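Undergrad: Numbering-wise, the sequence shown is residues 2 to 292 according to the numbering used here. Cβ coordinates follow ideal geometry from the N, Cα and C atoms, glycine included. On a predicted model such as this, the values are computed, not experimentally measured, just so you know. Right, I'll just put the structure down here and ask away after.
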Amino acid sequence: MPVPRLARPLESPRSSPPAAMTLAIAATAGLLAACAANPTIQPVKVPELRPGVPAGYLAPEARPDSVALLPPPPAGDSAAFALDKDTAKLARTQWAKPGSARWKQAQLDADLDFPAAAGTFSCALNAPVSEAQTPRLYMLLRRTLVDAGMTTYRAKDRYKRTRPFVATNTSSCTPADEAKIAKDGSYPSGHSAAGWAWALVLTEIAPERADAILARGRAFGQSRIACGVHWQSDVNEGRMVAAATVARLHADPVFESDLAAARDELNKVRTQGLPPNRDCAAEAAALATNP
2 MPVPRLARPL
12 ESPRSSPPAA
22 MTLAIAATAG
32 LLAACAANPT
42 IQPVKVPELR
52 PGVPAGYLAP
62 EARPDSVALL
72 PPPPAGDSAA
82 FALDKDTAKL
92 ARTQWAKPGS
102 ARWKQAQLDA
112 DLDFPAAAGT
122 FSCALNAPVS
132 EAQTPRLYML
142 LRRTLVDAGM
152 TTYRAKDRYK
162 RTRPFVATNT
172 SSCTPADEAK
182 IAKDGSYPSG
192 HSAAGWAWAL
202 VLTEIAPERA
212 DAILARGRAF
222 GQSRIACGVH
232 WQSDVNEGRM
242 VAAATVARLH
252 ADPVFESDLA
262 AARDELNKVR
272 TQGLPPNRDC
282 AAEAAALATN
292 P
């Protein structure tokens, strides 16, 4: 599940978590500080993969099997791969040209580091999302990122699909990371899995904002095509992984409890009329060109 500056923030099911995960889903301690500052929030003991790195809700053996769920990626001579190539070309030449607003939005969406990633759905929710203002929701996003992202890795490791910028000898929207992410399988997209998992979870937390949330979740996945780091089929199947992961999460009582707490927390924040912590006008303008 490669992100800017990182090669692989989530470990494969056959290996221990790599150092990159520390950066992609780092810094848990602030949650306790936020709880201490607000006596209505009770500190929650969150399991960790290593000090400062929260675990997901699902044990490795409880995660859906992405190899069993997904077909192999499109063959090189297939109509499906021809569509992948056409979509990538349209992104580079039309709706997400390098330097365009949509390209720049893809760069923002590529960053899965927290706290930056916490505000991804702030505009869609019409509310701020941060460790200080919504600590339970903040941690819910971090933990579900781990679950959705890790679930992609059996298929990633099995197929080791070449990324578009490598196959087409072009540049991505995050050139500093290309040497690292080129070694990480393209299929399915970890970012798309995380973004769609977040969207599905957030529609349950704020159902009245469901259309905006789901549209943002879709656009988050399409940003990977805009960036040149995933094929459309990678993104599509990333969403399938997300749906399977969220369905499985609902059988976990800790997730269910945290979901309810995050819902209550967000409702309280929204009653205060606090603005989102993103530039929503700029985001809307950039995403207006989303295919």
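Which parts of the stretch 251-282 are runs of the alpha helix (DSSP H), unbroken and 4 residues or longer, counting only runs that do not cross its ends?
TA: List check, alpha helix (DSSP H) in window: 254-272.
Undergrad: For the alpha helix (DSSP H) that contains Glu205, what are its first and last residues?
TA: Stepping through the sequence shown from its first residue, residue 205 is reached at position 204. Where Glu205 is concerned, the enclosing alpha helix (DSSP H) stretches over 191-206.
Undergrad: Tell me whether Leu138 sits in a helix, a strand or coil according to DSSP, three-state version.
TA: By one-based count along the sequence shown, residue 138 stands at place 137. Of the three classes helix, strand and coil, the one that applies to Leu138 here is helix, per DSSP.
Undergrad: Let me confirm a value: Gly100 is counted as buried when at least 16 other C-beta atoms fall within 10 Å, else exposed. Which label applies?
TA: Along the sequence shown, one-based indexing puts residue 100 at 99. Its Cβ having fewer than 16 others within 10 Å, Gly100 is exposed.
Undergrad: Tell me which residues share the same chain as Ala287 and place their Cβ nearer than 6 Å to its Cβ, disregarding the 5 neighbours each side in the sequence.
TA: Start at 1 with the first residue of the sequence shown, and residue 287 comes out as number 286. Counting only Cβ-Cβ distances below 6 Å, and skipping sequence neighbours, we find Ala102, Arg103, Gln106.
Undergrad: Please look up how many angstroms separate the CB atoms of His192 and Arg162, rounded, as I've assumed it's under 8 Å.
TA: The sequence position of residue 192 within the sequence shown is 191, counting from 1. The sequence position of residue 162 within the sequence shown is 161, counting from 1. His192 to Arg162, Cβ: 15 Å. No contact.
Undergrad: Helix, strand or coil for Arg64? Go by DSSP, reduced to three states.
TA: Locating residue 64 in the sequence shown gives position 63, counting from the first residue. Coil.
Undergrad: Going by Cα to Cα distance, which pick from Val47, Thr94, Leu146, Arg249 is closest to Ala119?
TA: Taking the sequence shown and counting its residues from 1, the one referred to as residue 119 is at position 118. Among Val47, Thr94, Leu146, Arg249, the Cα nearest to that of Ala119 belongs to Leu146.
Undergrad: In the stretch 90-144, which residue ranges form an unbroken alpha helix (DSSP H) of at least 4 residues, counting only runs that do not cross its ends?
TA: Taking only runs of at least 4 residues, the alpha helix (DSSP H) segments lying wholly in the stretch 90-144 are 102-110, 123-126.
Undergrad: Tell me which residue opens and which closes the alpha helix (DSSP H) that Ala209 is part of.
TA: The sequence position of residue 209 within the sequence shown is 208, counting from 1. Reading the sequence as shown, one finds Glu at residue 209 and not Ala. It is not in any alpha helix (DSSP H) - Glu209 carries neither H nor E in the DSSP assignment.
Undergrad: My guess is that Gly199 and Ala89 are in contact by the Cβ rule of under 8 Å, so how many angstroms apart are they, rounded?
TA: Locating residue 199 in the sequence shown gives position 198, counting from the first residue. Locating residue 89 in the sequence shown gives position 88, counting from the first residue. Note that residue 199 is Trp in the sequence shown, not Gly. Not quite, the Cβ-Cβ distance comes to about 24 Å (not below 8 Å), so this is no contact.
Undergrad: Beta-carbon within less than 6 Å of Tyr139's beta-carbon, same chain only, minus the 5 sequence neighbours each way: which residues are those?
TA: If you number the sequence shown from 1, residue 139 lands on position 138. If we look at Tyr139 and ignore the five residues flanking it on each side, its Cβ neighbours are Ala119, Glu132.
Undergrad: Can you find the residues in the same chain that come closer than 6 Å, C-beta to C-beta, to Ala262, ignoring five residues on each side of it along the sequence?
TA: Counting from 1 along the sequence shown, the entry for residue 262 is found at position 261. Result list for Ala262: Arg137, in chain order.
Undergrad: Would you kindly check if the distance between the Cβ of Pro277 and the Cβ of Cys124 is under 8 Å?
TA: Residue mapping note: residue 124 aligns to position 123 of the sequence shown, counting from 1. Residue mapping note: residue 277 aligns to position 276 of the sequence shown, counting from 1. Yes, Cβ-Cβ distance for Cys124 and Pro277 is below 8 Å.
Undergrad: Considering only the beta carbon of each residue, do Pro116 and Ala156 sit closer than 8 Å?
TA: Indexing the sequence shown from 1 puts residue 116 at position 115. Indexing the sequence shown from 1 puts residue 156 at position 155. Against a cut-off of 8 Å, the Cβ pair of Ala156 and Pro116 comes out as no contact.
Undergrad: Check this for me: beta carbons of Asp259 and Leu91, under 8 Å apart or not?
TA: One-based indexing of the sequence shown puts residue 259 at position 258. One-based indexing of the sequence shown puts residue 91 at position 90. No; because the gap between Cβ atoms is not below 8 Å, this pair is not in contact.
Undergrad: Around the C-beta of Gln273, are 16 or more other C-beta atoms found within 10 angstroms, so that it is buried, or is it exposed?
TA: Numbered from its first residue, the sequence shown carries residue 273 at position 272. Answer is exposed; the Cβ neighbour count stays below 16.
Undergrad: Distance, Cα to Cα, Arg210 vs Glu284?
TA: Counting from 1 along the sequence shown, the entry for residue 210 is found at position 209. Counting from 1 along the sequence shown, the entry for residue 284 is found at position 283. So the alpha carbons of these two residues sit roughly 17 Å apart.
Undergrad: Per DSSP, which residues does Val54 bridge with? Please list them.
TA: Along the sequence shown, one-based indexing puts residue 54 at 53. Partner(s): Arg51.
Undergrad: Hey, Arg164 and Val230 are a contact pair by Cβ (cut 8 Å); roughly how many whole angstroms apart?
TA: For the purposes of this step, residue 164 is identified with residue 163 of the sequence shown, where counting begins at 1. For the purposes of this step, residue 230 is identified with residue 229 of the sequence shown, where counting begins at 1. With a Cβ gap of about 6 Å, Arg164 and Val230 count as contacting.
Undergrad: From Ser187 to Leu201, what does the alpha carbon distance come to, in whole angstroms?
TA: Translated into the one-based positions of the sequence shown, residue 187 becomes position 186. Translated into the one-based positions of the sequence shown, residue 201 becomes position 200. Roughly 23 Å separates the two Cα atoms.
Undergrad: Take every Cβ of the stretch 241-257, pair it with every Cβ of the stretch 51-66, and state whether three or more of those distances are shorter than 8 Å.
TA: Contact between the stretch 241-257 and the stretch 51-66 is present, because at least three Cβ pairs lie under 8 Å.
Undergrad: When the distance is taken between beta carbons, is Pro72 closer than 8 Å to Phe82?
TA: One-based indexing of the sequence shown puts residue 82 at position 81. One-based indexing of the sequence shown puts residue 72 at position 71. No, they are not a contact pair.
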